[in-house]
Each structure stands twice: as C-alpha cells, then as structure tokens.
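Participant: Next up is a structure, given as structure tokens.
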Amino acid sequence: MSTTTVERPEQADQRSPGATRRIGPLRTLQHGLTLAGRSVLKIRKSPEGLLDVTLQPILFLAMFVYLLGGAIAGDTGEYLQRTLPGVMAMNMVFGSLGTGMQLNNDITKGVFDRFRSLPVARSAPLIGAVLGDVVRYVVSIAVLLVVATLMGFRIETNVVSAAAAIVLVIGFALCVCWISVMLGMLVKSQQALPGVAMSFMFPLTMGSNVFAPTETMPGWLQAWVSVNPVSKLADTARGLMIGGPVAGPLSATLVWMVTLVVVFFPLALGAYRRRV
Amino acid sequence: MTLAVQAEGLVKRFGTTKALDGVDLAAPAGSILGVLGPNGAGKTTSVRILATLLKPDAGNATVAGHDVLRDPVGVRGKIGLTGQYASVDEELTGTENLVLIGRLLEMSRSSAKARAKELLERFGLTDAGNRAIKTYSGGMRRRLDLAASLVGRPEVLYLDEPTTGLDPRSRNQVWDMVGALTSEGVTVLLTTQYLEEADQLADRISVIDHGRVVAEGRADELKRHSGSQTLQVRLSDPDDVTATETILRELTERSPTANHETGLLTTPAEDPVLMSALVRRLDEAGIVADELSLRLPSLDEAFLSITGKPAGGEDSTPESGEESTA
Numbered sequence: 001m002s003t004t005t006v007e008r009p010e011q012a013d014q015r016s017p018g019a020t021r022r023i024g025p026l027r028t029l030q031h032g033l034t035l036a037g038r039s040v041l042k043i044r045k046s047p048e049g050l051l052d053v054t055l056q057p058i059l060f061l062a063m064f065v066y067l068l069g070g071a072i073a074g075d076t077g078e079y080l081q082r083t084l085p086g087v088m089a090m091n092m093v094f095g096s097l098g099t100g101m102q103l104n105n106d107i108t109k110g111v112f113d114r115f116r117s118l119p120v121a122r123s124a125p126l127i128g129a130v131l132g133d134v135v136r137y138v139v140s141i142a143v144l145l146v147v148a149t150l151m152g153f154r155i156e157t158n159v160v161s162a163a164a165a166i167v168l169v170i171g172f173a174l175c176v177c178w179i180s181v182m183l184g185m186l187v188k189s190q191q192a193l194p195g196v197a198m199s200f201m202f203p204l205t206m207g208s209n210v211f212a213p214t215e216t217m218p219g220w221l222q223a224w225v226s227v228n229p230v231s232k233l234a235d236t237a238r239g240l241m242i243g244g245p246v247a248g249p250l251s252a253t254l255v256w257m258v259t260l261v262v263v264f265f266p267l268a269l270g271a272y273r274r275r276v
Numbered sequence: 001m002t003l004a005v006q007a008e009g010l011v012k013r014f015g016t017t018k019a020l021d022g023v024d025l026a027a028p029a030g031s032i033l034g035v036l037g038p039n040g041a042g043k044t045t046s047v048r049i050l051a052t053l054l055k056p057d058a059g060n061a062t063v064a065g066h067d068v069l070r071d072p073v074g075v076r077g078k079i080g081l082t083g084q085y086a087s088v089d090e091e092l093t094g095t096e097n098l099v100l101i102g103r104l105l106e107m108s109r110s111s112a113k114a115r116a117k118e119l120l121e122r123f124g125l126t127d128a129g130n131r132a133i134k135t136y137s138g139g140m141r142r143r144l145d146l147a148a149s150l151v152g153r154p155e156v157l158y159l160d161e162p163t164t165g166l167d168p169r170s171r172n173q174v175w176d177m178v179g180a181l182t183s184e185g186v187t188v189l190l191t192t193q194y195l196e197e198a199d200q201l202a203d204r205i206s207v208i209d210h211g212r213v214v215a216e217g218r219a220d221e222l223k224r225h226s227g228s229q230t231l232q233v234r235l236s237d238p239d240d241v242t243a244t245e246t247i248l249r250e251l252t253e254r255s256p257t258a259n260h261e262t263g264l265l266t267t268p269a270e271d272p273v274l275m276s277a278l279v280r281r282l283d284e285a286g287i288v289a290d291e292l293s294l295r296l297p298s299l300d301e302a303f304l305s306i307t308g309k310p311a312g313g314e315d316s317t318p319e320s321g322e323e324s325t326a
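Chains as they are written, first to last, in full-length UniProt numbering: chain X, 1 to 276; chain U, 1 to 326.
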C-alpha cells in the first residue's frame, strides 16, 4: 500500500461545497428537450421507424372499413365516419409501445449509462423519450387524417373541436405511455416487450367500441367495453369530430387519464430508478 | 500530492455474491492508475461506483474533490467514462453523437459543433464523422467512445477495458491516445485484464481479484514483489557448466538450475552486486559467457504469485502475448 500522505481531496476544488448539488427543473427540461431532439433526429433519419404508428392504423382502418364496415354499419362511408376517431384513440395505445422499446434499447445498449455519467438530470432521458414520442404521435395522426380524408372522411363539427380531439388523444397517449415505460424497464430484452405489451394493449384496443357497436356483445364484454378508457376516448373524439355527446365521455376519459398517471407514473419511475 | 481518485473500503453485493469486498484505490492527479484483474474480479463494478452509476453498499470515494455519494452531480461534471456499457447511439453519426453530448453539457450549438469537429480530427475520424456509428469498425468505434467521453474536458477519465477485442494496431492507437491524455493533466483510471497494457500505460497498478485489491504499486515494484530477480548465464561452451555451477553456488549459497546441454544456468539473485562478482570470477576461471542477464519477473509471473492463478482467470488472454512461452 502507498504510504504517501495525501491532503484531503476536498481541498482540490474550492468551488465544491461537498453538499449535494441538484439539477433544477428548468435545466431538467432543457436536458429533456435536448434528448427529445435526439428522438426527432432519429425519426428524420429513419422514417421507416414510424411505420408502426402510420401504416398500421391505416391498414386497420382500410381493413375494417372496406372488409367489415358495410356489414357492421350497412354503409362503408358511415362506418368510416364512426370508426376514424376510434382508430386515432386506439393508435395512441399501440404507439406507446415505441416509448418503452426505445427506453429499453437505450438501457441495454448502454446509451443510458453514457447519459448518467454526465451531469444530466436523472429524469431527463425519460422526459426526452416521452416528449420525442409526441412528435411520432403528431405525425401519425396527421398521416391518418390525410388518408382518411382521401377515403372520404369529413369532419362534421368544426376545426376547433376537431383540434381539441387531437390534443386530447395526444394527451391520452402521454398518460398511457407510462404502462409501456414501466414494461420497458421490467422486461430484460427488447424482443420480449411487444409480446408482453400486447397483454395490455389488446384488451384496451380491441375490447372497445372502436370497431363495432356494443349491443351484440356478450354481457361480460359489454361491461368491460363500457368502462374501457379507449372506448371513452373514442366516444369523446367522435363527439368532437362528427358530433354527439362530449361532456360525459370527456369527463370519464379525464378520470382515466388521471388514474393512469397516478397509478403507472410512480410504478414506471420506480422501475426506472431500479434499472438505471 | 493531490489524489484525483480515492476510494476506501468499497463493498458491493449483488444478491448473495460479493462483487467488491473492501476495495481501496488511489490515483494521484495527472497519473494513470491501472486496475488489473481477471474477468469478474470487480474492475467494472469499481468503475461504475466511481462514475456514480452504482451506489456502494459500504465505503466511500472521492473523485476530483467530489464525494460520489453526497455530490454525484459534482462528480459527473468532472469525469469521462469509456467502457463497453457507456455507449453511444448507433443510429446517429459520430458528429451527431458528440454534438448531442455537448448539448447535454449545456454547450451552445456552435461550440458543441466545434468541439465535435476538434475531437473527430484528433481521433482520426473526420472522414467518418457523417456516418452512422453502426457502420464503424471496432477500432473506430472505440476511438469514438473515447472522444465522446472527452467532450466535457474531464479531469478524470475512466477507461474500462478500452482495448478488449481490438486488433493490435487499433490497440496501439488507443494506447497512444491514452498516453497523450496524461500530458494534458487528465487523470486516467484504466481497467484491464492485459498485463502488458497495464505495464505499458499505468504509473501505478492495483491488482484486483475476487473483489479485493491484492497488490498495489508501480509495475516494477509488483514484479519485484513476486520474488527476487533472476540471474541468467548462457555459456559459450557447455563443458564449463560444472565449473560455473560451483562459482554460482559459492556466490549465492544455493544451487543454480543448470542445463548441461545448452549451457544455460539460472539462479535467484537478491544482491545486485552479484553480477560484477560473477563477471570477475568467470574471467579468472577463463570461462566465456555469451549472455549474462539479471531480469525482473514478468507481470504474468507477478500475477501468478500474487493471486495464485494465471492472469485472465477462466478466460485466456491471447493478446497479453507473454504467456505460454517460458
């Protein structure tokens, strides 16, 4: 062992008070935005990464409208009007998978360790991933609306309430994505994530009133569909885009959004802290 | 002397396994500390604690004057980390990665870009700056990792097995770059399982095994630690072996190992004066030696004598180059 006497290392840096320095909310946001910029850069580099939130909903829409729409609603045009707001809602649930995928990838590839070795707010990578995905959602909704318009969809209310529907849908995405973040932290490998995520995504998306009226469903399914947050969100978006009741489904949707955040944000954050 | 890195009694458990069992490390500012040990010895765990990526279960550490537990943000402002785990984004280009890190360090867009350009130039990656990292070769990738850890001009740089898996040419490039860093006053903590690497680069070496530091000192001290020097005599005429054996026995008071066919004699030798005495006696006896040498044991031998097992643990280390001969 070295026998050299050393001065206390604290003296090496006069500026260091030795106390814990924290990174304030403003700098946290700044770091988060920088990392969101990274997500956007990646989208620009490989737009094919957006196929899951662009092509998939279009395929769903086309399939249901042209294949089943006539049979379900008697008329494909009418079915499209009814279904599009729901597909938008559904797409947010599927799209949230990307948040968990990216975070899991960053952790397993070691990119997170790089960020964590920098004086960067610990929650910044999380904020960056979630904010970056807002861009994905906006692109996804824009593409979906263009295609739907080409298919014959028309907003029957007005631009303002249609815009409100879009904002609400994205807001919902920001609440539901914490489930995905949590799963992304819990699963060991990225490959396992889609399979695990399907277990919550499928009941949420398909077990809803997005594609079919609920009257003919068995009682137990009706019970679930009538409380399903995606049904509520779809109802609200329908009301805002093609007309109908808004207040009721909107308040139910907001209650769900708060619930999702209250339950899954702490769980996701806990899983994140344990993992990183 | 100021210590840039000082760790005392670091303990870390993962479940029931004790990864670190009281590790002490000390690196004077501006020096290169080599942490040498086989796989699973606790090298990476130590670095992760010193880089604030992991909290120790016991013990404490100070890095560039900041306590890793009480002031992790202060530590992060002073360190750079290069290891297989602290990675860069493979889909982004070299420039984009470096600029991203610069921006996270709150540099302005233009100074982040200038710093990226400067580092790419320095690491010979200017031409590759606009290519995605996933197209890089292993050596380029490691150089970019090194560049990424230098964006913030760290005072302390951790290099966790910086040359593992690299071909000899890329390895030499990394070595040159590490050497250049200390001339700028950067303190380097380097982990390696290659004895040659520690010998080449490090000012001081801490040998770590089973989560404990089993030896510490300069490379030559460690070599000496493992035992005495070896005196080696190669005679031009093997017939002189018996006479030489007698002379050596008289001088060292122990029996040398002698080979009557090759005329090679070796004996442990503590006393440096022995050499001149031997030359005189051989001269008097009219014995001609082709080779007379006093050599320190290799670090491999040192490692073997310290840990009781060959360097590299279960994994063989073909790149250490010194083993399997002897």
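By construction, the Cβ of each residue, glycine as well, lies at the ideal position given by its N, Cα and C atoms.
Small disclaimer: the values here were computed from a predicted structure and weren't measured.
(1) Say whether chain X places a C-beta atom closer than 8 Å to the C-beta of Val11/U.
(2) Return the chain-ordered list of same chain residues with a C-beta closer than 7 Å to the C-beta of Phe264/X, the five sequence neighbours on each side being excluded.
(3) Name the one or two DSSP bridge partners that residue 280/X has.
(4) Taking a Cβ distance cut-off of 9 Å, strictly less, list which residues of the region 77–90 of chain U are near chain X, in chain order.
(5) Does DSSP put Arg109/U in a helix, in a strand, or in coil?
(6) Would you mind working out which of Leu10/U, Asn259/U, Thr126/U and Ser31/U sits nearest Arg205/U, comparing C-alpha positions?
(7) Roughly how many whole angstroms lie between the Cα atoms of Ala41/U and Thr262/U?
(8) Using a Cβ distance threshold of 8 Å, determine whether the region 26–37 of chain X contacts the region 110–130 of chain X, with at least three qualifying pairs required.
(9) Can you give me the start and stop residues for the alpha helix (DSSP H) that Leu157/U sits inside?
(10) On the three-pair Cβ rule with 8 Å, is the region 223–230 of chain X touching the region 137–156 of chain X?
(11) Is it buried or exposed for Ala19/U, if we count other Cβ within 10 angstroms and need 16 for buried?
(12) Check whether the region 57–75 of chain X touches the region 204–218 of chain X, taking contact to mean three or more Cβ pairs, one atom from each stretch, closer than 8 Å.
(13) Is there a Cβ from chain X that is less than 8 Å from the Cβ of Glu8/U?
(14) For Ala173/X, which of helix, strand or coil comes out of DSSP?
(15) CA-CA distance, Val156/U and Gln6/U?
(16) Go through the region 244–287 of chain U residue by residue and report every complete run of the alpha helix (DSSP H) that reaches 4 residues or more, in order.
(17) Determine the closest residue to Val241/U out of Gln200/U, Gly286/U and Leu201/U, with distance taken between C-alpha atoms.
(18) In terms of residues, what are the limits of the beta strand (DSSP E) holding Gly9/U?
(19) Would Arg153/U count as contacting chain X if we go by Cβ distances under 8 Å?
(20) Is it buried or exposed for Asn97/U, if we count other Cβ within 10 angstroms and need 16 for buried?
(21) Which stretch, first to last residue, makes up the beta strand (DSSP E) that contains Ile32/U?
(22) So, does the CB of Asp52/X fall closer than 8 Å to a CB anywhere in chain U?
(23) Helix, strand or coil: how does DSSP classify Ser231/X here?
(24) List, in chain order, every chain X residue whose beta-carbon is nearer than 7 Å to that of Arg142/U.
(25) Any beta-carbon of chain U closer than 8 Å to the one on Leu118/X?
(26) Touching or not, the region 170–189 of chain U and the region 211–226 of chain U, by the rule of three or more beta carbon pairs under 8 Å?
(27) In the DSSP output, which residue or residues are listed as bridge partners for Leu20/U?
(28) Pull up the DSSP beta-bridge partners for Ser206/U, would you.
(29) At a Cβ threshold of 8 Å, is Ala27/U touching chain X?
(30) At 9 Å on the CB atoms, spell out the chain U contacts of Ile23/X, in chain order.
(31) Quick check on Val151/U: buried or exposed, where buried means 16 or more other Cβ atoms within 10 Å of its Cβ?
(32) Assuming Ala58/U is part of the alpha helix (DSSP H), what are its boundary residues?
(33) Which residue marks the beginning of the alpha helix (DSSP H) containing Leu201/U, and which one marks its end?
(34) If you draw a straight line from the C-alpha of Leu269/X to the C-alpha of Arg275/X, how long is it?
(35) According to DSSP, what are the bridge partners of Ala27/U?
(36) What residues in the region 69–95 of chain X have a beta carbon less than 8 Å from any beta carbon of chain U?
Facilitator: For this structure:
(1) Under the Cβ distance rule, Val11/U does not count among the residues neighbouring chain X, no pair being separated by less than 8 Å.
(2) Result list for Phe264/X: Trp178, Ile179 and Met182, in chain order.
(3) In this structure chain X extends from 1 to 276, so residue 280/X is not present and cannot be described.
(4) Those residues of the region 77–90 of chain U that come within reach of chain X (Cβ to Cβ, closer than 9 Å) are Gly77, Lys78, Ile79, Gly80, Leu81, Gly83, Gln84, Tyr85, Ala86, Ser87, Val88, Asp89 and Glu90.
(5) Of the three classes helix, strand and coil, the one that applies to Arg109/U here is helix, per DSSP.
(6) Note on residue identity: the sequence assigns Ile, not Arg, to residue 205/U. Comparing C-alpha distances from Ile205/U to each of Leu10/U, Asn259/U, Thr126/U and Ser31/U shows the shortest one belongs to Ser31/U.
(7) Computed Cα separation, rounded: 41 Å.
(8) Proximity of the region 26–37 of chain X to the region 110–130 of chain X meets the contact definition, three or more beta-carbon pairs being nearer than 8 Å.
(9) Membership of Leu157/U in any alpha helix (DSSP H) is not indicated; the residue belongs instead to the beta strand (DSSP E) covering Val156 to Asp160.
(10) Counting Cβ pairs under 8 Å, fewer than three are found: no touch.
(11) Ala19/U should be labelled buried.
(12) Counting Cβ pairs under 8 Å, three or more are found: they touch.
(13) It does not: the Cβ of Glu8/U has no partner Cβ on chain X nearer than 8 Å.
(14) If DSSP states are grouped into helix, strand and coil, Ala173/X belongs with the helices.
(15) Separation of Val156/U and Gln6/U (C-alpha to C-alpha, rounded to the nearest whole angstrom) is 12 Å.
(16) Entirely contained in the region 244–287 of chain U, the alpha helix (DSSP H) runs reaching 4 residues are, in chain order, 274–285.
(17) Comparing Cα-Cα distances from Val241/U to each of Gln200/U, Gly286/U and Leu201/U, the minimum goes to Gly286/U.
(18) Element bounds for Gly9/U: Leu3 to Phe14.
(19) No, its Cβ sits nowhere closer than 8 Å to a Cβ of chain X.
(20) So Asn97/U ends up on the buried side.
(21) It spans Ile32 to Leu36 - the beta strand (DSSP E) in which Ile32/U sits, taken as one unbroken run.
(22) Cβ-Cβ to chain U under 8 Å: no for Asp52/X.
(23) In this structure, Ser231/X counts as helix in the three-state DSSP scheme.
(24) Contact note: Arg142/U does not reach chain X at a C-beta cutoff of 7 Å; the least C-beta distance is about 13 Å.
(25) Yes, Leu118/X counts as interfacial toward chain U.
(26) No, the region 170–189 of chain U is not in contact with the region 211–226 of chain U.
(27) DSSP lists Lys12/U as partners of Leu20/U.
(28) For Ser206/U, which the question treats as bridged, DSSP gives the partners Val35/U and Glu216/U.
(29) With respect to chain X, the C-beta atom of Ala27/U has no partner C-beta closer than 8 Å.
(30) Here the neighbours are Val73.
(31) Answer is buried; the Cβ neighbour count reaches 16.
(32) Where Ala58/U is concerned, there is no enclosing alpha helix (DSSP H), although the beta strand (DSSP E) it sits in stretches over Ala58 to Val63.
(33) Element bounds for Leu201/U: Leu195 to Leu201.
(34) Going from the Cα of Leu269/X to the Cα of Arg275/X covers about 10 Å.
(35) Per DSSP, the beta bridge partners of Ala27/U are Val5/U.
(36) So nothing in the stretch comes that close.
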